[in-house]
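Since the structure comes first, as structure tokens, the remarks are kept for the end.
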Amino acid sequence: MTDTLTTVRTVHRGAGGGAVGLVLAGAVSVQFGSAVAALLFPRAGVAGVVSLRLTIAAVFLLVVCRPRLRGYRRSDWLLVGGFAMALAGMNTLIYQAIDRIPLGPAVTLEVLGPLALSVFAARRAASWLWAGLALLGVVLLGYQGFGRLNPSGAAFALGAAVMWAAYIVFSARVGRRFRKADGLALAMAAAALLTLPAGLVASGSALLNPGVLALGAAVAMLSSVLPYTLELLALRRMTTATFGVLMSLGPALAALAGYLVLHQSLAPVELVAIALVIAASIGAVRTAATPRPGR
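The end of the sequence shown is residue 297 by my numbering, with every number in the run present.
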């Protein structure tokens, strides 16, 4: 615990307290937003909730940001397209996961994406030791059999991990190319268009129910508008490695949200597994951020 606190203080000094606060606020928002989304699944379906969340978020961002469409190069639009696919894929896969397994384990598997990004960025032997610790955490999650977690749910969470790593890379690049949150608004609109057909087919008129719309708006604000905007702004002021340290707290926040909102309890071995993945993520990012000898 002392080592973790020291890491957070170091990150705080290196990135600036404002940027750290933005990321932490976004992390809390997105995990509790996911818990609220799970409450909506029985009424609107997973595909319906994904499309509702992204569509409402896109409309809000387009109205507020009013992004300009001229003056960008082809490469800029390609980045927006990649960002949109990462957003659509990440949201779809993690919602499919939390519809099948508890929120805490789902996000624990998902955070392996940022962890892998840190490991490969470091290119050091020590980084692979942290990867091994994370693997031990995943094995512990399956200690009582992944059947308990639902194999397809675990697979969806791992797919979301890949999309999360892509999201971090594209978010940082788009944030540098587009002013304010314009790039995010455009990518969110494209992501909404990608997911809306499946949502309409799966849920139809249920998406127009006033109660569903109200909860969908809450999910959009908590899980998309607020956290993505805060993260995009923060990534302009910190490295992706520092961002990865803070994102490693996601599994703990998800377990807390699952417990408080969804009344999901975890076995002691699962809590240990989550702690191991968090420790591995922090260790891997610290290794990536430490200058090599002679540099």
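Think of the CB as a built atom: it goes at the ideal place given N, C-alpha and C, for glycine as much as any other residue.
The structure displayed is predicted, hence computed values, not measured ones.
Runs of the alpha helix (DSSP H) spanning 4 or more residues and lying entirely within the stretch 130-209 occur at 148-151, 153-179, 184-205, in chain order.
Note that the stretch 113-123 does not touch the stretch 53-65; fewer than 3 beta-carbon pairs, one per stretch, sit closer than 8 Å. Distance from Ile103 to Ala156 at the Cβ level is roughly 6 Å; contact confirmed, criterion being Cβ atoms closer than 8 Å. Straight across, the Cα-Cα distance linking Ser173 with Phe34 is about 22 Å. Cα atoms of Glu272 and Pro107: separation of roughly 8 Å, rounded to the nearest angstrom.
Taking a contact as a CB-CB distance under 8 Å, the pair Leu131 and Ala183 does not count as one, their CB atoms being some 38 Å apart. Residue environment for Leu117: buried (at least 16 other C-beta atoms within 10 angstroms of its C-beta). When rounded, the separation of the alpha-carbon atoms in His265 and Ser225 is 19 Å. As the crow flies, the alpha-carbon of Gly47 is around 6 Å from that of Ser205. Across the structure, Leu188 and Val82 are spaced so that their CA atoms are roughly 7 Å apart. DSSP places Arg238 outside both helix and strand once states are collapsed to three, so it counts as coil. If you check the CB distance, Ser207 and Ser250 do not come in under 8 Å. Straight-line spacing of the CA atoms in Leu143 and Leu64 works out to 40 Å. For Leu80, the uninterrupted alpha helix (DSSP H) run begins and ends at 76-100, by DSSP. Per DSSP, the unbroken alpha helix (DSSP H) holding Leu264 starts and ends at 252-264. By the Cβ test, the stretch 163-180 is in contact with the stretch 74-93, since at least three Cβ pairs between them sit closer than 8 Å. Non-local beta-carbon contacts of Phe43 in its own chain, meaning distances under 7 Å to residues more than five positions away in sequence, involve Val51, Asp101 in chain order.
DSSP places Leu215 in the uninterrupted alpha helix (DSSP H) bounded by 212-222. Secondary structure of Ala269 (DSSP, three-state): coil.
Between Pro229 and Val32 a beta carbon distance of about 4 Å is seen, short of the 8 Å cut, so the two are scored as contacting. For Leu111, the three-state secondary structure derived from DSSP is helix. DSSP places Arg55 in the uninterrupted alpha helix (DSSP H) bounded by 48-67. For the pair Ile276 and Ala257, the CB atoms are nearer than the 8 Å cut-off. DSSP places Pro104 in the coil class of the three-state scheme, outside both helix and strand. In chain order, Pro229, Leu248, Met249, Leu251, Gly252, Leu255 place their CB closer than 8 Å to the CB of Ala29, counting only its own chain and leaving out the 5 sequence neighbours on each side.
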